[in-house]
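All remarks here apply to the structure that follows.
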């Protein structure tokens with residue numbers, strides 16, 4: 001399963017209670033009501049545990065997390081940094 | 085005195101001072117006053133009269149505040165609801181309070197159409213900005229351009245200012261009636277014990293459609309201080325940076341926010357030197373968290389408070405006592421009596437345990453159009469004709485009269501500071517054809533306080549998944565009531581007479597937690 005699909009599946013299952021639900025990868029998860037306070041923290045834990053990355057406080061921002069495309073870009077950046 | 089007198093006064097004495105900051109926008113008192121005047125004029129032109137209910141479906145925003153003050157200035161009653169409200173709940177509230185108008189954002193169109201279809205007389209809709217194809221519909225945007233002055237509406241302080249909806253034990257929404265007198269009294273009392281002054285910058289991420297959040301909007305105009313409105317606490321670090329940037333002096337929170345805040349690794353390095361106080365309400369905060377917040381922010385005053393929508397606020401602990409009594413919520417606020425009664429209604433002396441009863445100008449008149457629920461909670465007080473509030477909360481008091489919350493007298497609990505009614509969830513789950521019976525409890529959780537866990541018995545020969553239970557609850561109930569944990573089981577613990585034994589469910593949960601491997605420690609958070 002590719003990264004984008006893994007992230008979509010987690011968000012759909014955990015917050016929409018429907019693993020098959022389509023989510024616009026460019027849409028804001030906060031504005032569409034998919035992600036709320038506890039949701040954001042759970043997403044972070046999922047990313048850290050699943051992709052082996054660590055997110056510092058200043059990285060827990062909408063630019064990095066508020067949207068599937070943004071999350072995927074974040075994961076790629078962090079993994080490239082780890083590998084390099 | 086009426087609530088809107090405060091914002092008019094602030095426009096006079098603090099006109100050029102910031103009233104509200106939200107994201108990149110801000111507005112001063114003169115502008116907020118003028119815009120809410122225009123909103124009031126629009127509502128009156130649409131036929132809104134003294135005492136009419138006006139629903140607002142706006143998130144934490146400058147428009148949300150304009151709508152609140154506008155509705156009050158029109159002589160109408162504020163019914164503020166969360167923009168993510170489910171259509172069915174919105175319809176039930178419409179049927180209960182028959183609003184004359186609704187102020188909403190175009191993204192509420194689907195839920196609004198569905199809810200309006202279920203009521204007799206359709207309320208007039210005012211959009212924040214007109215949706216596609218409806219450019220002639222009334223809107224706040226259009227009203228702002230008109231610069232109309234507020235109409236003159238004669239009111240007295242016994243008139244209703246707001247109806248705040250709260251969930252009942254079986255989940256049906258009950259509208260708590262709050263008069264101008266109730267709120268002028270209580271918001272005034274609160275600003276005094278918090279020491280609010282014009283230079284304050286209070287950062288609120290609390291939803292303004294709940295009593296605690298609405299008080300933040302109202303309190304700002306009382307003092308003429310600035311309100312830093314945040315739309316959510318989804319990204320705590322962002323809120324903290326915003327507090328640093330704007331020099332926040334106060335932060336009202338709920339336990340789950342403090343739990344999230346304590347997980348921010350760089351909390352102690354942030355320049356929160358201007359922060360003067362934090363407050364907690366909506367649910368009990370673990371004493372350990374109180375002490376850790378005080379240790380992380382040693383220069384602030386921690387106000388541990390208790391209230392219900394039905395009385396806005398009732399108890400507060402003197403910050404000087406918080407390290408000695410971190411589990412307590414203190415004593416009655418100004419102009420309020422608080423006492424404990426036993427099962428026979430006798431007032432208990434200090435040192436006893438009993439149901440908390442509240443008496444005072446903060447106590448609501450009751451629930452809108454729900455006489456039975458009203459007479460159950462609001463009962464005869466010592467003076468003929470007066471009513472006192474039976475909170476349904478069990479407290480103990482110590483020798484010095486300091487109160488500590490013990491438990492509910494019913495099964496309702498708080499998750500992330502929001503009310504969860506187990507029976508409402510159980511009824512919903514039992515609507516699923518494959519379900520024989522269901523029971524819901526709150527289980528201890530580090531962030532939520534209590535998380536929702538459902539035990540579900542599947543009917544003989546049928547199959548059901550946890551996902552299906554959650555999906556169904558998500559379609560039927562408010563978001564907070566969707567069970568985070570679902571356990572499918574063969575039976576539920578019962579008493580000899582066949583009644584559900586909730587304590588048995590707690591025992592089962594504790595046993596299952598003990599047998600699994602403990603979760604591996606994450607790097608996030610302090611020890």
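Residue numbers (this note's numbering), protein chains in the order written: chain A, 1 to 84; chain B, 85 to 611. Positions of the beta carbon are idealized from the N, C-alpha and C atoms, including for glycine. On a predicted model such as this, the values are computed, not experimentally measured, just so you know.
Our two residues, residue 405 of chain B and residue 361 of chain B, have alpha carbons roughly 14 Å apart in a direct line.
Cβ-Cβ distances below 6 Å link residue 189 of chain B to 212 in the same chain, with the five nearest sequence neighbours on each side left out; the list follows chain order. If you ignore the 5 residues before and after residue 6 of chain A, its C-beta comes within less than 8 Å of the C-beta of 50, all in its own chain and listed in chain order. Within the segment 2–20 of chain A, the residues whose Cβ lies closer than 8 Å to any Cβ of chain B are, in chain order, 13, 16, 17, 18 and 19.
A straight line joining the alpha-carbon of residue 466 of chain B with that of residue 243 of chain B spans about 24 Å.
Annotated three-state conformation of residue 345 of chain B is helix, per DSSP.
Listed in chain order, the positions of the segment 300–318 of chain B with a beta carbon within less than 9 Å of a beta carbon of chain A are 315, 316, 317 and 318. Within the segment 323–351 of chain B, the residues whose Cβ lies closer than 8 Å to any Cβ of chain A are, in chain order, 340, 341, 344, 347, 348, 349 and 350. Taking 8 Å as the upper bound for CB-CB distance, residue 176 of chain B and residue 256 of chain B are in contact here, some 7 Å apart. Residues of chain A with a Cβ closer than 8 Å to the Cβ of residue 168 of chain B are, in chain order, 33.
Among the CB atoms of chain B, none fall inside 8 Å of the CB of residue 75 of chain A. Taking 8 Å as the cut-off, the Cβ atoms of residue 473 of chain B and residue 425 of chain B do not count as close.
Here residue 470 of chain B is exposed: its Cβ has fewer than 16 other Cβ atoms, across all protein chains shown, within 10 Å. Each residue's CA atom was taken as its position, placing residue 128 of chain B and residue 264 of chain B some 19 Å apart. Taking a 10 Å sphere around the C-beta of residue 322 of chain B, we find 16 or more other C-beta atoms and assign the residue as buried.
Taking a cut-off of 8 Å on C-beta distances, the segment 301–320 of chain B touches the segment 101–109 of chain B, as three or more cross pairs fall below it. With a minimum length of 4 residues, the unbroken runs of alpha helix (DSSP H) contained wholly in the segment 208–294 of chain B fall at 224–230 and 264–278. In terms of CA proximity to residue 436 of chain B, B:488 leads the group B:591, B:488, B:298 and B:152. DSSP, read as helix, strand or coil, puts residue 509 of chain B in helix. The three-state reading of DSSP puts residue 421 of chain B in strand, counting E and B together. In the three-state reduction of the DSSP assignment, residue 317 of chain B falls in the coil class, being assigned neither a helical nor a strand state.
A straight line joining the alpha-carbon of residue 262 of chain B with that of residue 249 of chain B spans about 11 Å.
Interface with chain B (8 Å Cβ-Cβ cutoff): residue 60 of chain A is included. With fewer than 16 other beta carbons inside 10 angstroms of its own, residue 229 of chain B counts as exposed. The segment 28–44 of chain A makes no contact with the segment 87–96 of chain B, as fewer than three CB pairs between them are under 8 Å. For residue 30 of chain A, the closest Cβ of chain B is nearer than 8 Å. Taking CB atoms only, residue 40 of chain A has a neighbour in chain B less than 8 Å away. Between the beta-carbon of residue 420 of chain B and that of residue 398 of chain B there is about 6 Å, and that keeps the pair under the 8 Å contact cut. In this structure residue 571 of chain B touches residue 539 of chain B by the C-beta definition: roughly 5 Å separates them, less than 8 Å. At a cut-off of 8 Å between beta carbons, residue 24 of chain A makes no contact with chain B. Boundaries of the beta strand (DSSP E) harbouring residue 438 of chain B: 437–444, taken from the DSSP string. Between residue 164 of chain B and residue 309 of chain B, the C-beta spacing is not below 8 Å. Rounded to whole angstroms, the gap between the alpha carbons of residue 590 of chain B and residue 584 of chain B is 12 Å.
Within the same chain, and ignoring the five residues on either side of residue 554 of chain B in sequence, the residues whose Cβ sits closer than 8 Å to its Cβ are 566, 567 and 570.
Contacts with chain A at 8 Å (Cβ-Cβ) include residue 551 of chain B.
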